[in-house]
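Residue numbers (this note's numbering): 224 to 283.
Every residue gets a Cβ at the ideal spot worked out from N, C-alpha and C, and that includes glycine.
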Amino acid sequence: MKITPIGEYYAWYCEWCDSRNLTLWTRFEKSQVSCGVCHNAYPLSEQSHALKERALSRVI
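Take a look at the structure:
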């Protein structure tokens, strides 16, 4: 999952239905995020935590 920071949100695309999602950055602190269209849940692993930190550092 590719995560792109947009203000206070992260933009990402669902790998199952290919819809674009905007998720508030505080939701990424939890263990998973869900697609707004198909409600498919994606667990956030340590690898995506590193991606999230890099994306956040670009914003700051």
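- Can the beta-carbon of V256 be found closer than 8 Å to that of S242? no
- Task: Starting from the C-beta of L245, find all residues in its chain whose C-beta is less than 6 Å away, skip the five residues before and the five after it, and write them out in chain order.
- Result: Y232 and A234
- Query: What are the boundary residues of the beta strand (DSSP E) that includes T227?
  - Reply: T227 to I229
- Straight-line CA distance for A189 to C237? Nothing about residue 189 can be read from this structure; the chain reaches only from 224 to 283.
- Task: Just mark C258 as buried or exposed, buried being the case when its beta carbon has 16 or more other beta carbons within 10 Å.
- Result: buried
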